[in-house]
């Protein structure tokens with residue numbers, strides 16, 4: 661698992677083009693302010709330890725959110741942080757599991773459309789904790 665976390669003052673995205681067959685049509689724009697944007701790259705080895713991976717993802721996201729007194733999170737699967745990517749279904753399941761866990765502790769969670777290339781804009785905080793990369 662590779663996880664790139666940004667604290668964003670502002671975030672906006674819209675689907676650009678579908679990259680997976682079988683996903684629902686989406687054209688809606690999404691935005692968030694004062695949120696942790698989590699770019700998630702699942703790897704093949706994550707399949708054997710998905711529960712532990714989801715737990716570590718939640719802990720890291722909550723840690724960064726706490727540094728900015730935020731309870732807003734945007735989860736985005738981003739298959740460009742490593743050489744090997746997990747199966748698309750595993751990646752989707754991990755993101756959904758993390759979203760459910762965070763919502764269960766009163767986080768406002770947005771999940772970007774899965775199976776799409778997206779166009780996005782972000783305004784990232786200047787503090788060093790506004791940009792965190794973790795690998796586990």
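In our numbering, the protein residues as written are 661 to 796. Built from N, CA and C at the ideal position, the CB exists for glycine as well. None of these values were measured; they are calculated from a predicted model.
Between the beta-carbon of residue 698 and that of residue 665 there is about 5 Å, and that keeps the pair under the 8 Å contact cut. Under the DSSP assignment, residue 791 falls in the beta strand (DSSP E) whose first and last residues are 791-795. Between residue 721 and residue 762 the beta-carbon gap is near 7 Å, inside 8 Å, which marks them as a contact. About 14 Å separates the CB atoms of residue 675 and residue 770; that is not less than 8 Å, and the two are not in contact.
In the structure shown, the three-state DSSP call for residue 753 is helix.
The Cβ neighbour count for residue 743, taken over all protein chains shown within 10 Å, is under 16; the residue is labelled exposed. The DSSP-derived three-state label of residue 765 is coil.
Around the beta carbon of residue 704, a 10 Å sphere encloses fewer than 16 other beta carbons of the protein chains shown; the residue is thus reported as exposed.
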